[in-house]
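Data block below; observations after.
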Amino acid sequence: MPRVKRGTHRVKRRKKYLQATKGYKWGRKSKITLMKPAMLKAGAHAYADRRRKKREFRALWNIRINAAARDEGMKYSTLISALHKKGIALDRKALSTLAIEYPQVFAKVVSSVK
Numbered sequence: 001m002p003r004v005k006r007g008t009h010r011v012k013r014r015k016k017y018l019q020a021t022k023g024y025k026w027g028r029k030s031k032i033t034l035m036k037p038a039m040l041k042a043g044a045h046a047y048a049d050r051r052r053k054k055r056e057f058r059a060l061w062n063i064r065i066n067a068a069a070r071d072e073g074m075k076y077s078t079l080i081s082a083l084h085k086k087g088i089a090l091d092r093k094a095l096s097t098l099a100i101e102y103p104q105v106f107a108k109v110v111s112s113v114k
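Numbered as in the UniProt record's numbering, the sequence shown ends at 114 without a single skipped number.
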């Protein structure tokens, strides 16, 4: 059976790891045995954080809507309930944008459901 040295394959793999771990600290950017677990862990964190970001933004929108609604004399839960009952289909992101960038429009939305 012929001897297999894996020269080009190993070089390609090392280049891939070097590219992926660029910017990491200490041996995680230069040593293969430390690169691979660092890459896997970074990927796991990235995957989880992409999902966490959605949660955090929705919570931020809720806080902004609540603050703006209380300025208009209404609680968040009451506002959302009234919007659903009136059939006004504004999502939380849109309501948050209205509250921050167009407070007069948000005030009209709140007054329409009071």
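The C-beta atom is built at its ideal place from N, Cα and C for all residues, glycine as well.
Option in the options with minimal Cα separation from residue i
i: R14; options: A82, S30 and E72; result: S30
i: E72; options: A59, K22, V105 and W26; result: V105
i: K85; options: G43, S112, V4 and A94; result: S112
i: M74; options: R6, A94, K114 and L40; result: K114
i: A42; options: W61, Y76, N62 and A20; result: A20
Chain-order list of residues whose beta-carbon lies under 7 angstroms from that of residue i (same chain, five-residue window excluded)
i: I100; result: R64
i: A107; result: E72
For residue j and residue i, believed in contact at Cβ under 8 angstroms, the rounded distance
i: Y17; j: K36; result: 7 angstroms
Task: Completely contained alpha helix (DSSP H) runs for the stretch 52-110, where each covers 4 or more residues - done: 76-86 and 92-101
Open item on the list: Taking 8 angstroms as the cut-off, does the stretch 54-69 touch the stretch 83-103 (at least 3 CB pairs, one atom from each stretch)?
Closed with: yes
Open item on the list: Taking 8 angstroms as the cut-off, does the stretch 74-83 touch the stretch 34-52 (at least 3 CB pairs, one atom from each stretch)?
Closed with: no
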